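Student: Chains as they are written, first to last, in the UniProt record's numbering: chain A, 1 to 353; chain B, 1 to 353.
The beta carbon of each residue, even a glycine, is placed where N, CA and C say it ideally should be.
Note that the coordinates shown come from a computational prediction; the quantities given were computed from them, not determined experimentally.
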DNA sequence: CTGAAAGCGCTTACAG
DNA sequence: CTGAAAGCGCTTACAG
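1. Starting from the beta carbon of residue 84 of chain A, find every residue of chain B whose beta carbon is closer than 8 Å, and list them in chain order.
2. For residue 249 of chain B, which three-state DSSP category applies?
3. For a contact meaning CB atoms closer than 7 Å, what does residue 59 of chain A contact in chain B?
4. Return the chain-ordered list of same chain residues with a C-beta closer than 6 Å to the C-beta of residue 345 of chain A, the five sequence neighbours on each side being excluded.
5. Buried or exposed: which applies to residue 316 of chain B, given that a residue is buried once 16 or more other Cβ atoms fall within 10 Å of its Cβ?
6. Which chain B residues sit within Cβ distance under 9 Å of residue 291 of chain A?
7. According to DSSP, is residue 149 of chain A part of a helix, a strand, or is it coil?
8. Starting from residue 203 of chain A, follow its DSSP beta bridges and name the residues at the other end.
9. Do residue 190 of chain A and residue 153 of chain A have their C-beta atoms closer together than 7 Å?
10. Could you give the DSSP three-state label for residue 352 of chain B: helix, strand or coil?
11. Give me, in chain order, the residues of the same chain whose beta-carbon lies closer than 6 Å to that of residue 37 of chain A; leave out the 5 immediate sequence neighbours on both sides.
12. Taking three-plus beta-carbon pairs below 8 Å as touching, is the segment 96-108 of chain B in contact with the segment 156-171 of chain B?
13. Thinking C-alpha only, which one of A/248, A/55, A/56 is nearest residue 263 of chain A?
14. Please confirm whether residue 49 of chain A and residue 16 of chain A have their CB atoms less than 7 Å apart.
15. Would you check if the distance between the CB atom of residue 276 of chain B and the CB atom of residue 245 of chain B is smaller than 7 Å?
16. What are the partner residues of residue 164 of chain B, as DSSP defines its beta bridges?
17. Considering only the beta carbon of each residue, do residue 55 of chain B and residue 64 of chain A sit closer than 7 Å?
18. Report the residue from B/155, B/321, B/75 whose alpha carbon sits nearest the alpha carbon of residue 220 of chain B.
19. Runs of 4 residues minimum, wholly inside the segment 285-341 of chain B: which ones carry the alpha helix (DSSP H) assignment?
20. Fully enclosed by the segment 56-81 of chain B, which beta strand (DSSP E) runs are 3 residues long or longer?
21. For residue 260 of chain A, I'd like the list of residues in its chain whose CB is within less than 6 Å of its CB, leaving aside the five on either flank, ordered along the chain.
22. Compare the Cα-Cα distances from residue 32 of chain A to each of A/46, A/40, A/20 and report the closest residue.
23. Which of the three DSSP states is assigned to residue 3 of chain B in this structure?
24. Please list, in chain order, the residues of the segment 30-52 of chain B that have any C-beta partner in chain A closer than 8 Å.
25. Just grab the DSSP bridge partners of residue 106 of chain B for me.
26. Below 7 Å on C-beta distance, what does residue 106 of chain B contact in chain A?
27. Establish whether the CB of residue 238 of chain A and some CB of chain B are separated by less than 7 Å.
28. Would residue 358 of chain A be called buried (16 or more neighbouring beta carbons within 10 Å of its own) or exposed?
29. In three-state terms, what does DSSP make of residue 179 of chain A?
30. Return the CA-CA distance between residue 85 of chain B and residue 77 of chain A, expressed in angstroms with no decimal places.
31. With a threshold of 7 Å between beta carbons, is residue 16 of chain A in contact with chain B?
32. Quick check on residue 210 of chain A: does DSSP put it in helix, strand or coil?
33. Within this structure, are the beta carbons of residue 243 of chain A and residue 250 of chain A separated by less than 7 Å?
34. Measuring alpha carbon to alpha carbon, tell me which residue in B/323, B/200, B/232, B/328 is nearest residue 335 of chain B.
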């Protein structure tokens, strides 16, 4: 039989059972190992399977019958590449895969754009981790809730009944801001993460803040306000170096209005602000201090050692994965809020004058 | 009805059909949009679905019935984190997700360790991309072949009948080696990628090379031999900076035997060799020249600009994804071999003496 | 320890 | 345009 022909007529459990001279039920038991089957019978079944090139029970049929697919979905708020370019997300992903080990489940990457045949609305997943504070969260959550799929949100309030794994965004930012104040800064500006579903770039305004759909962004803004009540700034269109650079240029170009310190809401954005400062001939930290958030090593940023708030990204992922395992076991786990640690690098210093 | 109760009795297509007063077939047609259904009927079905909180056809039943799961597997040769730490793999992954867009399929992350309930042996995937030149390839391929699942291998010969997406490992390395020879180097050593399934660290010996299970490693060694016939060196236990550092220390510690140039088989390994040189008080490239492979930006390596062979990682992934799409459409695509581009950075120079 | 039966939820020819 | 029927491949009570 050629490969092509074989592909058109793969053997089924029934075929194997027939050849082994047992019932399908018995053959099934032999494969699952979950029932009492005599050694002789088991071996007859396996021999038949081998003879027929049977690769084992079809997972599609198993999951229909069992009501479980053995797959955990991870909803990214953007295309796969973008998520993979963010070190924080990678660490969370790895943490999740660690957390769900007891499930032996695979990780299915999903985006919340709703494109493609396989989406949040119909992916064959048993549970889902929502990564990142996506503005589109509400819609995603509604679909998942309708489907009765357990979910946990990492960063972001997805609904009162949905477990949240978060960090101390407000307090951590407050501590970073206090560090700047202690250095003597008073003219400080923010470079925030996206605020709305369109990820609109631009100045931070009370209107836009009021309409924020990103809890993380809002919380970190609030933390900065605790120290610098009137602080303003700009919103980036994503968390990456280029967006940080654009924001930095907008903030630092005019010597008249230039802040002496910038609070960026991610390390990638902070790195971009540093790039912008360099382009404008400004020294960091002599002319501008830059504070980040995340505590990831940013590619090519050396010899700068970013002053930042280090958050436990992998631990967050692991906690999320563990929570899903518990929910699938019928338990009702609590959410977790982790603490970030202030790291003093070499990108902050007292203001020049 | 409480959420918990709802979770125990999710409505089915049959329920929706009954409420809409139509047959299940018609309701199915209404949802799939693939059959002739009158507007009035369709709306009645949707109204019933809404009233019952029906989230749409169960993907598990659909995939059993249709024989397709809408999921493409990506087999990583190591744990998720390790793959995500390798920029080359991330670029390939992103390329794959781009290549399978026409399928609208999700990407399921799998490792070839065989652990967990969902593995290569039973994952509900329609097709699979094998990433990286894993030594465990043979076993993975055998399982997939038995299951009749179309696959494509990125880097690595998986079998005569399996499409390969590769690059010019031998020729690219040859060009890099020639660059070193032209600079005047003659005492050159290799730091290779793993050679065997155990990823054994240690000196390169004819025996070990003969038993290599990694085509990529062997091809790159062969390319170096075209220029430096007797070249030896050490094998790293993985492609990361720390392994490169260990290899570099082994190679550079003894001033008597120290090479004037090192050919590393990945940029990450090259970065590690540079770190080792620094630790030993050697200057790069003044005391030791270092050549990499991949053309990725290595975190924290600035101001070094690695001399390397730049390979088109994302394009490889895309080609792999596209090949799978074609195979699923019943076509028989060819493999592709891409070319790498030599990049002259600042880590190679004529030997000191 | 083994088998007959029912059914997981859907889609797809096939009739009408 | 709509419906009745069969079946995708398996697992799970239930009997024996």
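Tutor: Checking against the coordinates, here is how it stands:
1. Mapped onto the first chain, residue 84 of chain A falls at position 84. Those within 8 Å of residue 84 of chain A in chain B are 84, 90, 93, 94.
2. Residue mapping note: residue 249 of chain B aligns to position 249 of the second chain, counting from 1. When DSSP states are grouped into helix, strand and coil, residue 249 of chain B belongs to the helix group.
3. In the first chain, counting from the first residue as 1, residue 59 of chain A sits at position 59. Per Cβ cutoff of 7 Å: 122, 123, 124.
4. Reading the first chain from its first residue, position 345 is the one you call residue 345 of chain A. Listed in chain order, the non-local C-beta contacts of residue 345 of chain A below 6 Å within the same chain comprise 305, 306, 307, local neighbours out to five positions each way being set aside.
5. If you number the second chain from 1, residue 316 of chain B lands on position 316. Counting Cβ neighbours within 10 Å, residue 316 of chain B comes out buried, since at least 16 surround it.
6. As a working note, residue 291 of chain A is residue 291 in the first chain. By Cβ distance, chain B contributes nothing, its closest Cβ being about 20 Å from residue 291 of chain A, past 9 Å.
7. In the first chain, the residue the question calls residue 149 of chain A occupies position 149. The three-state secondary structure of residue 149 of chain A, taken from DSSP, is coil.
8. In the first chain, counting from the first residue as 1, residue 203 of chain A sits at position 203. Answer is A/234, bridged to residue 203 of chain A.
9. To locate residue 190 of chain A, count along the first chain from 1; it is residue 190. To locate residue 153 of chain A, count along the first chain from 1; it is residue 153. No, they are not a contact pair.
10. Along the second chain, one-based indexing puts residue 352 of chain B at 352. Reduced to three states, the DSSP call for residue 352 of chain B is coil.
11. Taking the first chain and counting its residues from 1, the one referred to as residue 37 of chain A is at position 37. Cβ neighbours of residue 37 of chain A beyond the five flanking positions: 29, 30.
12. The segment 96-108 of chain B is not in contact with the segment 156-171 of chain B.
13. Start at 1 with the first residue of the first chain, and residue 263 of chain A comes out as number 263. Comparing Cα-Cα distances from residue 263 of chain A to each of A/248, A/55, A/56, the minimum goes to A/248.
14. Here residue 49 of chain A refers to the residue found at position 49 when the first chain is read from its first residue. Here residue 16 of chain A refers to the residue found at position 16 when the first chain is read from its first residue. The Cβ-Cβ distance between residue 49 of chain A and residue 16 of chain A falls below 7 Å.
15. As a first step, residue 276 of chain B is located in the second chain; it is residue number 276 there, counting from the start. As a first step, residue 245 of chain B is located in the second chain; it is residue number 245 there, counting from the start. It is a contact, given that the beta carbons lie within the stated cut-off.
16. The residue labelled residue 164 of chain B in the question sits at position 164 within the second chain. Answer is B/153, bridged to residue 164 of chain B.
17. Taking the second chain and counting its residues from 1, the one referred to as residue 55 of chain B is at position 55. Taking the first chain and counting its residues from 1, the one referred to as residue 64 of chain A is at position 64. Not in contact: residue 55 of chain B and residue 64 of chain A (Cβ atoms no closer than 7 Å).
18. Walking along the second chain from the start, residue 220 of chain B turns up at place 220. In terms of Cα proximity to residue 220 of chain B, the closest of B/155, B/321, B/75 is B/155.
19. Secondary structure within the segment 285-341 of chain B: the alpha helix (DSSP H) runs of 4 or more consecutive residues, fully enclosed, are 313-328 (chain order).
20. Counting only runs of 3+ residues, the beta strand (DSSP E) found wholly inside the segment 56-81 of chain B occupies 71-76, in chain order.
21. Within the first chain, residue 260 of chain A is the residue found at index 260, counting from 1. Closer than 6 Å at the Cβ level, and outside the excluded window around residue 260 of chain A, lie 185, 187, 351.
22. Sequence index remark: in the first chain, residue 32 of chain A carries index 32 (1-based). Comparing Cα positions, the closest option is A/46.
23. Along the second chain, read from residue 1 onward, the residue named residue 3 of chain B stands at position 3. Because the pLDDT of residue 3 of chain B is 38, which lies under 50, any placement of that residue in the model is unreliable, and the number read from its coordinates should be weighed accordingly. Residue 3 of chain B: helix per DSSP, three-state reduction.
24. Listed by position along the chain: nothing, the set is empty.
25. Here residue 106 of chain B refers to the residue found at position 106 when the second chain is read from its first residue. Per the DSSP secondary-structure output, residue 106 of chain B pairs in a beta bridge with B/71.
26. On the second chain, position 106 is the one that residue 106 of chain B refers to. Contact note: residue 106 of chain B reaches chain A through 108, 109, 110, 118, 123, using a C-beta cutoff of 7 Å and chain order.
27. Within the first chain, residue 238 of chain A is the residue found at index 238, counting from 1. So no, residue 238 of chain A is outside the interface.
28. As shown, chain A starts at 1 and ends at 353. That puts residue 358 of chain A outside it, with no answer to give.
29. Mapped onto the first chain, residue 179 of chain A falls at position 179. Residue 179 of chain A falls in the helix class under three-state DSSP.
30. Mapped onto the second chain, residue 85 of chain B falls at position 85. Mapped onto the first chain, residue 77 of chain A falls at position 77. One C-alpha to the other measures close to 20 Å.
31. Reading the first chain from its first residue, position 16 is the one you call residue 16 of chain A. No Cβ of chain B is located within less than 7 Å of the beta carbon of residue 16 of chain A.
32. The count along the first chain starts at 1 and reaches residue 210 of chain A at position 210. Judged by DSSP in its simplified three-state form, residue 210 of chain A adopts helix.
33. Mapped onto the first chain, residue 243 of chain A falls at position 243. Mapped onto the first chain, residue 250 of chain A falls at position 250. In this structure, residue 250 of chain A does not lie closer than 7 Å to residue 243 of chain A by Cβ.
34. To locate residue 335 of chain B, count along the second chain from 1; it is residue 335. The alpha carbon of residue 335 of chain B has as its nearest neighbour, out of B/323, B/200, B/232, B/328, the alpha carbon of B/323.
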